[in-house]
Amino acid sequence: MHNHKQRRFIKRLIILFIWLSLVLTGSLRAHADQSSLLHYKLNARLPSFQLNKIGGGTGQEGLAADGRPSVIMFFSTTPSFRAIRAIKLAEILTNLSKKFQRRVDFMAVYSGRGDIRKFSDYITRGLINIPILDDRNQEIYRRYGVFMLPIALITDRHNRLQAIVPYTAGIERIIGNNLKLILGEWDLKRFKKSLKTRGNQEKSKKEKAYIRRINYGRVMLARGIYSAALREFNTAAQIMPNSIEAVVGRGQVLVKMKKWRQAVAAFRQALKFNKDNDSALSGLGFSLYKLGDTKQALPILENALICPRPGIEVIISLADIYEKEENFSKALRLNKLAISILRGELGQGVSQYTPTTGH
-2 MHNHKQRRFI KRLIILFIWL SLVLTGSLRA HADQSSLLHY KLNARLPSFQ LNKIGGGTGQ
58 EGLAADGRPS VIMFFSTTPS FRAIRAIKLA EILTNLSKKF QRRVDFMAVY SGRGDIRKFS
118 DYITRGLINI PILDDRNQEI YRRYGVFMLP IALITDRHNR LQAIVPYTAG IERIIGNNLK
178 LILGEWDLKR FKKSLKTRGN QEKSKKEKAY IRRINYGRVM LARGIYSAAL REFNTAAQIM
238 PNSIEAVVGR GQVLVKMKKW RQAVAAFRQA LKFNKDNDSA LSGLGFSLYK LGDTKQALPI
298 LENALICPRP GIEVIISLAD IYEKEENFSK ALRLNKLAIS ILRGELGQGV SQYTPTTGH
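The opening residue of the sequence shown carries number -2 in the working numbering; numbering runs sequentially from there.
Structure follows, in C-alpha coordinates:
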(Lines of atoms letter the chains of each structure in order from A and count residues from 1; the text may use other names and numbers.)
(Lines give C-alpha, C1' and ligand atoms only; values in the text may rest on other atoms or scores of the structure.)
Protein backbone atom coordinates (compact mmCIF):
# COMPACT_ATOMS: atom_id res chain seq x y z
CA MET A 1 0.00 0.00 0.00
CA HIS A 2 2.83 2.34 0.91
CA ASN A 3 4.54 1.80 -2.48
CA HIS A 4 1.25 2.38 -4.30
CA LYS A 5 0.82 5.70 -2.52
CA GLN A 6 4.37 6.65 -3.47
CA ARG A 7 3.62 5.97 -7.12
CA ARG A 8 0.47 8.07 -6.94
CA PHE A 9 2.55 10.86 -5.43
CA ILE A 10 5.15 10.61 -8.20
CA LYS A 11 2.38 10.77 -10.79
CA ARG A 12 0.96 13.93 -9.21
CA LEU A 13 4.43 15.47 -9.26
CA ILE A 14 4.74 14.67 -12.98
CA ILE A 15 1.38 16.29 -13.74
CA LEU A 16 2.46 19.36 -11.77
CA PHE A 17 5.79 19.44 -13.61
CA ILE A 18 4.06 19.26 -17.01
CA TRP A 19 1.58 21.97 -16.02
CA LEU A 20 4.40 24.21 -14.83
CA SER A 21 6.38 23.67 -18.04
CA LEU A 22 3.34 24.60 -20.15
CA VAL A 23 2.75 27.74 -18.12
CA LEU A 24 6.38 28.81 -18.40
CA THR A 25 7.00 27.94 -22.04
CA GLY A 26 3.66 27.94 -23.82
CA SER A 27 2.48 25.11 -26.05
CA LEU A 28 4.93 22.25 -25.95
CA ARG A 29 5.17 18.85 -27.53
CA ALA A 30 8.43 17.44 -26.21
CA HIS A 31 10.17 14.56 -27.89
CA ALA A 32 12.71 11.98 -26.76
CA ASP A 33 16.33 13.08 -27.02
CA GLN A 34 17.88 10.95 -29.73
CA SER A 35 21.40 11.98 -28.63
CA SER A 36 21.38 10.26 -25.24
CA LEU A 37 20.28 7.19 -23.33
CA LEU A 38 18.78 7.64 -19.89
CA HIS A 39 22.20 7.07 -18.31
CA TYR A 40 24.75 7.91 -21.04
CA LYS A 41 25.11 10.78 -23.49
CA LEU A 42 27.02 10.93 -26.77
CA ASN A 43 30.80 10.44 -26.43
CA ALA A 44 30.38 8.84 -22.99
CA ARG A 45 32.26 5.56 -22.60
CA LEU A 46 29.86 2.64 -22.28
CA PRO A 47 30.75 -0.07 -19.76
CA SER A 48 31.84 -3.36 -21.31
CA PHE A 49 29.76 -6.51 -20.81
CA GLN A 50 29.67 -10.22 -21.61
CA LEU A 51 26.43 -12.18 -22.09
CA ASN A 52 25.54 -15.75 -22.95
CA LYS A 53 24.60 -16.51 -26.55
CA ILE A 54 21.10 -17.72 -27.33
CA GLY A 55 19.35 -18.93 -30.47
CA GLY A 56 22.49 -20.21 -32.12
CA GLY A 57 25.93 -20.87 -30.70
CA THR A 58 27.37 -21.24 -27.21
CA GLY A 59 29.71 -19.26 -25.00
CA GLN A 60 29.71 -15.54 -24.26
CA GLU A 61 30.14 -12.40 -26.33
CA GLY A 62 29.62 -8.70 -25.77
CA LEU A 63 31.24 -5.30 -25.74
CA ALA A 64 34.96 -5.62 -25.05
CA ALA A 65 36.87 -3.07 -22.97
CA ASP A 66 38.72 -1.86 -26.07
CA GLY A 67 38.66 -3.24 -29.55
CA ARG A 68 36.72 -2.57 -32.72
CA PRO A 69 33.79 -0.20 -33.28
CA SER A 70 30.50 -1.88 -32.38
CA VAL A 71 26.84 -1.80 -33.31
CA ILE A 72 24.69 -3.07 -30.43
CA MET A 73 21.03 -3.73 -31.15
CA PHE A 74 18.63 -4.01 -28.20
CA PHE A 75 15.34 -5.75 -28.94
CA SER A 76 12.26 -7.51 -27.64
CA THR A 77 9.74 -9.81 -29.34
CA THR A 78 6.60 -8.48 -27.63
CA PRO A 79 4.30 -6.94 -28.73
CA SER A 80 4.32 -8.53 -32.21
CA PHE A 81 5.17 -5.28 -34.05
CA ARG A 82 8.43 -5.15 -32.06
CA ALA A 83 9.31 -8.65 -33.21
CA ILE A 84 8.74 -7.68 -36.85
CA ARG A 85 10.93 -4.58 -36.55
CA ALA A 86 13.59 -6.45 -34.56
CA ILE A 87 13.88 -9.19 -37.19
CA LYS A 88 14.15 -6.59 -39.94
CA LEU A 89 16.85 -4.66 -38.03
CA ALA A 90 18.79 -7.86 -37.31
CA GLU A 91 18.72 -8.70 -41.04
CA ILE A 92 20.00 -5.19 -41.80
CA LEU A 93 22.88 -5.61 -39.31
CA THR A 94 23.64 -8.98 -40.88
CA ASN A 95 23.98 -7.27 -44.29
CA LEU A 96 26.18 -4.55 -42.79
CA SER A 97 28.38 -7.14 -41.06
CA LYS A 98 29.13 -8.63 -44.47
CA LYS A 99 30.02 -5.20 -45.89
CA PHE A 100 32.30 -4.22 -43.01
CA GLN A 101 33.62 -7.77 -42.51
CA ARG A 102 35.80 -7.97 -39.36
CA ARG A 103 36.30 -4.24 -38.88
CA VAL A 104 33.10 -3.79 -36.80
CA ASP A 105 31.49 -5.97 -34.13
CA PHE A 106 27.73 -6.48 -34.55
CA MET A 107 25.49 -8.00 -31.88
CA ALA A 108 21.83 -8.15 -30.85
CA VAL A 109 20.94 -8.01 -27.15
CA TYR A 110 17.63 -9.66 -26.26
CA SER A 111 16.12 -7.71 -23.34
CA GLY A 112 12.57 -9.03 -23.57
CA ARG A 113 10.62 -11.82 -21.96
CA GLY A 114 8.67 -13.11 -24.96
CA ASP A 115 9.18 -16.04 -27.31
CA ILE A 116 12.43 -15.90 -29.26
CA ARG A 117 11.85 -19.04 -31.36
CA LYS A 118 11.02 -17.01 -34.47
CA PHE A 119 14.44 -15.35 -34.22
CA SER A 120 16.02 -18.79 -33.90
CA ASP A 121 14.27 -19.84 -37.11
CA TYR A 122 15.82 -16.89 -38.97
CA ILE A 123 19.24 -17.81 -37.58
CA THR A 124 18.83 -21.44 -38.67
CA ARG A 125 17.84 -20.31 -42.18
CA GLY A 126 20.95 -18.09 -42.38
CA LEU A 127 19.01 -14.80 -42.62
CA ILE A 128 20.55 -13.56 -39.36
CA ASN A 129 24.18 -14.35 -38.54
CA ILE A 130 25.05 -11.83 -35.82
CA PRO A 131 25.30 -13.13 -32.23
CA ILE A 132 22.08 -12.96 -30.17
CA LEU A 133 22.89 -12.29 -26.50
CA ASP A 134 20.78 -13.09 -23.46
CA ASP A 135 19.78 -10.07 -21.37
CA ARG A 136 16.37 -11.36 -20.27
CA ASN A 137 17.03 -10.14 -16.74
CA GLN A 138 17.52 -6.68 -18.36
CA GLU A 139 20.80 -6.03 -16.52
CA ILE A 140 22.51 -4.28 -19.47
CA TYR A 141 19.22 -2.76 -20.68
CA ARG A 142 18.79 -1.03 -17.30
CA ARG A 143 22.48 -0.21 -16.84
CA TYR A 144 22.57 1.66 -20.15
CA GLY A 145 19.12 3.22 -19.73
CA VAL A 146 17.62 2.00 -23.01
CA PHE A 147 14.03 3.21 -23.45
CA MET A 148 13.01 2.28 -27.01
CA LEU A 149 13.04 -1.10 -28.72
CA PRO A 150 14.41 -2.01 -31.17
CA ILE A 151 17.30 0.45 -31.14
CA ALA A 152 20.92 0.43 -32.35
CA LEU A 153 23.85 1.92 -30.43
CA ILE A 154 27.07 2.69 -32.32
CA THR A 155 30.39 2.95 -30.48
CA ASP A 156 33.96 3.64 -31.55
CA ARG A 157 36.85 1.29 -30.71
CA HIS A 158 37.13 2.83 -27.22
CA ASN A 159 33.41 2.12 -26.50
CA ARG A 160 32.52 5.80 -26.73
CA LEU A 161 28.89 6.23 -27.76
CA GLN A 162 28.83 7.79 -31.24
CA ALA A 163 25.18 7.45 -32.31
CA ILE A 164 21.81 6.17 -31.15
CA VAL A 165 19.55 5.06 -33.99
CA PRO A 166 15.92 4.09 -33.25
CA TYR A 167 14.24 1.91 -35.86
CA THR A 168 13.32 4.26 -38.71
CA ALA A 169 13.22 4.50 -42.49
CA GLY A 170 16.69 4.37 -44.04
CA ILE A 171 18.28 2.90 -40.92
CA GLU A 172 20.75 0.77 -42.92
CA ARG A 173 22.11 3.86 -44.67
CA ILE A 174 22.23 5.82 -41.38
CA ILE A 175 24.21 3.13 -39.54
CA GLY A 176 26.46 2.48 -42.54
CA ASN A 177 27.34 6.16 -42.94
CA ASN A 178 28.12 6.50 -39.22
CA LEU A 179 30.47 3.54 -39.44
CA LYS A 180 32.22 5.00 -42.49
CA LEU A 181 32.89 8.15 -40.46
CA ILE A 182 34.13 6.21 -37.41
CA LEU A 183 36.42 4.01 -39.53
CA GLY A 184 37.90 7.04 -41.30
CA GLU A 185 36.51 6.17 -44.73
CA TRP A 186 34.61 9.47 -44.76
CA ASP A 187 35.52 12.87 -43.39
CA LEU A 188 33.03 14.94 -41.38
CA LYS A 189 32.13 17.12 -44.35
CA ARG A 190 31.06 14.14 -46.44
CA PHE A 191 29.14 12.64 -43.51
CA LYS A 192 27.19 15.87 -42.92
CA LYS A 193 26.42 16.07 -46.63
CA SER A 194 24.90 12.57 -46.44
CA LEU A 195 22.41 13.81 -43.82
CA LYS A 196 20.93 16.42 -46.12
CA THR A 197 17.80 15.72 -48.11
CA ARG A 198 18.64 14.60 -51.60
CA GLY A 199 18.06 17.00 -54.46
CA ASN A 200 14.88 19.04 -54.51
CA GLN A 201 13.04 18.46 -57.74
CA GLU A 202 11.04 21.24 -59.36
CA LYS A 203 7.59 21.23 -57.83
CA SER A 204 4.36 21.86 -59.70
CA LYS A 205 2.03 24.76 -58.94
CA LYS A 206 -0.31 22.34 -57.22
CA GLU A 207 2.45 20.97 -54.99
CA LYS A 208 3.63 24.46 -54.09
CA ALA A 209 0.10 25.52 -53.13
CA TYR A 210 -0.26 22.36 -51.03
CA ILE A 211 3.03 22.96 -49.19
CA ARG A 212 2.11 26.59 -48.58
CA ARG A 213 -1.22 25.58 -46.99
CA ILE A 214 0.48 22.92 -44.86
CA ASN A 215 3.05 25.43 -43.61
CA TYR A 216 0.37 28.04 -42.85
CA GLY A 217 -1.61 25.38 -41.01
CA ARG A 218 1.38 24.46 -38.86
CA VAL A 219 2.05 28.10 -38.02
CA MET A 220 -1.58 28.62 -36.98
CA LEU A 221 -1.50 25.40 -34.94
CA ALA A 222 1.67 26.52 -33.15
CA ARG A 223 0.08 29.90 -32.38
CA GLY A 224 -3.10 28.33 -31.04
CA ILE A 225 -5.37 29.75 -33.78
CA TYR A 226 -7.10 26.43 -34.30
CA SER A 227 -9.98 27.45 -36.57
CA ALA A 228 -7.51 28.99 -39.04
CA ALA A 229 -5.22 25.97 -38.80
CA LEU A 230 -8.12 23.62 -39.50
CA ARG A 231 -9.15 25.68 -42.52
CA GLU A 232 -5.60 25.56 -43.96
CA PHE A 233 -5.28 21.80 -43.52
CA ASN A 234 -8.73 21.21 -45.04
CA THR A 235 -7.79 23.37 -48.03
CA ALA A 236 -4.53 21.43 -48.42
CA ALA A 237 -6.49 18.16 -48.38
CA GLN A 238 -8.70 19.46 -51.19
CA ILE A 239 -5.65 20.38 -53.28
CA MET A 240 -3.99 16.97 -52.85
CA PRO A 241 -6.54 14.48 -51.42
CA ASN A 242 -4.12 11.55 -51.29
CA SER A 243 -1.38 13.26 -49.28
CA ILE A 244 -0.97 12.44 -45.62
CA GLU A 245 0.35 15.69 -44.11
CA ALA A 246 -2.96 17.54 -44.37
CA VAL A 247 -4.91 14.71 -42.72
CA VAL A 248 -2.37 14.39 -39.89
CA GLY A 249 -2.43 18.17 -39.41
CA ARG A 250 -6.22 18.13 -39.22
CA GLY A 251 -6.04 15.43 -36.56
CA GLN A 252 -3.50 17.41 -34.53
CA VAL A 253 -5.75 20.48 -34.57
CA LEU A 254 -8.74 18.40 -33.46
CA VAL A 255 -6.65 17.06 -30.56
CA LYS A 256 -5.94 20.63 -29.46
CA MET A 257 -9.67 21.37 -29.73
CA LYS A 258 -10.37 18.21 -27.66
CA LYS A 259 -12.63 16.82 -30.37
CA TRP A 260 -11.43 13.30 -29.72
CA ARG A 261 -13.81 11.31 -31.93
CA GLN A 262 -13.15 13.52 -34.95
CA ALA A 263 -9.41 13.29 -34.23
CA VAL A 264 -9.65 9.47 -34.17
CA ALA A 265 -11.35 9.53 -37.58
CA ALA A 266 -8.66 11.83 -39.01
CA PHE A 267 -5.75 9.73 -37.75
CA ARG A 268 -7.37 6.51 -38.95
CA GLN A 269 -7.69 8.08 -42.40
CA ALA A 270 -4.01 9.10 -42.28
CA LEU A 271 -2.96 5.54 -41.42
CA LYS A 272 -4.72 4.33 -44.59
CA PHE A 273 -2.10 6.35 -46.51
CA ASN A 274 0.80 5.08 -44.35
CA LYS A 275 0.14 2.52 -41.62
CA ASP A 276 3.50 3.31 -39.96
CA ASN A 277 3.18 7.11 -39.81
CA ASP A 278 4.60 8.17 -36.44
CA SER A 279 2.42 11.23 -35.88
CA ALA A 280 -0.79 9.43 -36.88
CA LEU A 281 -0.03 6.50 -34.56
CA SER A 282 0.74 8.88 -31.68
CA GLY A 283 -2.37 10.97 -32.30
CA LEU A 284 -4.67 7.97 -32.66
CA GLY A 285 -3.38 6.27 -29.51
CA PHE A 286 -3.62 9.47 -27.47
CA SER A 287 -7.14 10.30 -28.75
CA LEU A 288 -8.40 6.80 -27.95
CA TYR A 289 -6.85 7.10 -24.49
CA LYS A 290 -8.66 10.41 -23.91
CA LEU A 291 -11.91 8.72 -24.95
CA GLY A 292 -11.27 6.10 -22.27
CA ASP A 293 -10.77 3.27 -24.78
CA THR A 294 -7.55 1.98 -23.23
CA LYS A 295 -7.94 -1.49 -24.74
CA GLN A 296 -7.55 -0.10 -28.27
CA ALA A 297 -5.16 2.65 -27.19
CA LEU A 298 -2.57 0.40 -25.49
CA PRO A 299 -1.09 -1.46 -28.52
CA ILE A 300 -1.14 1.73 -30.61
CA LEU A 301 0.64 3.74 -27.91
CA GLU A 302 3.20 0.94 -27.47
CA ASN A 303 3.87 1.13 -31.20
CA ALA A 304 4.14 4.93 -31.05
CA LEU A 305 6.60 4.70 -28.15
CA ILE A 306 9.26 3.12 -30.39
CA CYS A 307 8.98 5.88 -32.99
CA PRO A 308 12.18 7.95 -33.35
CA ARG A 309 10.58 10.86 -31.45
CA PRO A 310 7.78 9.67 -29.15
CA GLY A 311 5.68 12.58 -27.90
CA ILE A 312 5.44 13.34 -24.20
CA GLU A 313 1.69 12.72 -24.40
CA VAL A 314 2.39 9.16 -25.61
CA ILE A 315 4.73 8.46 -22.71
CA ILE A 316 2.40 9.89 -20.03
CA SER A 317 -0.70 8.16 -21.44
CA LEU A 318 1.07 4.82 -21.66
CA ALA A 319 2.41 5.19 -18.11
CA ASP A 320 -1.11 5.87 -16.86
CA ILE A 321 -2.51 2.78 -18.61
CA TYR A 322 0.27 0.60 -17.18
CA GLU A 323 -0.43 1.97 -13.70
CA LYS A 324 -4.14 1.16 -14.00
CA GLU A 325 -3.16 -2.37 -15.05
CA GLU A 326 -0.90 -2.51 -11.96
CA ASN A 327 2.18 -2.90 -14.14
CA PHE A 328 4.01 -0.52 -11.84
CA SER A 329 7.57 -1.21 -13.02
CA LYS A 330 6.76 -0.12 -16.59
CA ALA A 331 4.70 2.85 -15.37
CA LEU A 332 7.50 4.08 -13.11
CA ARG A 333 10.09 3.70 -15.87
CA LEU A 334 8.01 5.78 -18.29
CA ASN A 335 7.32 8.41 -15.63
CA LYS A 336 11.07 8.75 -15.06
CA LEU A 337 11.58 9.08 -18.82
CA ALA A 338 8.95 11.84 -18.99
CA ILE A 339 10.65 13.80 -16.21
CA SER A 340 14.04 13.34 -17.88
CA ILE A 341 12.73 14.67 -21.21
CA LEU A 342 11.01 17.66 -19.66
CA ARG A 343 14.06 18.58 -17.60
CA GLY A 344 16.20 18.44 -20.73
CA GLU A 345 13.80 20.62 -22.71
CA LEU A 346 13.48 23.22 -19.97
CA GLY A 347 17.20 23.18 -19.26
CA GLN A 348 18.07 23.91 -22.89
CA GLY A 349 15.39 26.55 -23.36
CA VAL A 350 12.36 25.35 -25.24
CA SER A 351 11.77 26.52 -28.79
CA GLN A 352 8.45 26.11 -30.57
CA TYR A 353 8.20 22.60 -31.98
CA THR A 354 6.27 21.97 -35.14
CA PRO A 355 5.10 18.33 -35.38
CA THR A 356 6.39 16.38 -38.35
CA THR A 357 4.66 13.64 -40.22
CA GLY A 358 7.49 11.17 -39.62
CA HIS A 359 7.91 8.07 -41.71
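All C-beta atoms in this analysis are idealised placements derived from N, C-alpha and C, irrespective of residue type, glycine included.
One Cα belongs to K189, the other to F283, and the distance between them is close to 35 Å. It is roughly 25 Å from the alpha-carbon of I129 to the alpha-carbon of S326. The three-state secondary structure of D317, taken from DSSP, is helix.
No residue range can be given for N239, since it is assigned to no beta strand (DSSP E) and is classified by DSSP as neither H nor E. For V101, there is no enclosing alpha helix (DSSP H), since its DSSP letter is neither H nor E.
Sorting Y223, N231, D118, I89 by C-alpha distance to the C-alpha of A166 places I89 at the top. For E58, DSSP records a beta bridge to L48. With fewer than 16 other Cβ atoms from the protein chains shown falling within 10 Å of its own Cβ, D63 counts as exposed. Take E204, set aside five residues on each side of it, and no residue of its chain has a beta-carbon closer than 7 Å to its own. The Cβ-Cβ distance between V244 and Q266 falls below 9 Å. Sequence-distant partners of V250 (beyond 5 residues in either direction) whose C-beta falls short of 8 Å from its own C-beta, in its chain, are G214, L218, Y223, A226, L227, F230. A residue is called buried when at least 16 other Cβ atoms come within 10 angstroms of its Cβ; N274 meets this threshold and is buried. In the DSSP assignment, T291 falls within the alpha helix (DSSP H) that extends over 291 to 302. For V162, the pairing in a beta bridge is given by DSSP as A149. In this structure, the alpha-carbon of E299 lies about 16 Å from that of K287.
The straight-line gap separating the alpha-carbon atoms of N156 and P44 is approximately 8 Å. Excluding five sequence positions before and after F270, the CB atoms of its chain that fall closer than 8 Å to its own CB belong to N239, S240, I241, V244, given in chain order. In the three-state reduction of the DSSP assignment, K255 falls in the coil class. The beta-carbon distance between T74 and A83, rounded to whole angstroms, is 7 Å. This is short enough to meet the 8 Å contact definition.
Contact between F46 and G59 holds: CB atoms are separated by about 4 Å, below the 8 Å threshold. Here DSSP, grouped into helix, strand and coil, assigns F71 to strand. Boundaries around I208 are those of the alpha helix (DSSP H), 202 to 220, since no beta strand (DSSP E) includes it. By the neighbour-count criterion, in which 16 or more other beta carbons inside 10 Å mark a residue as buried, E182 falls on the exposed side. For a cut-off of 8 Å, the C-beta gap from I161 to I148 is around 7 Å, short enough to register as a contact.
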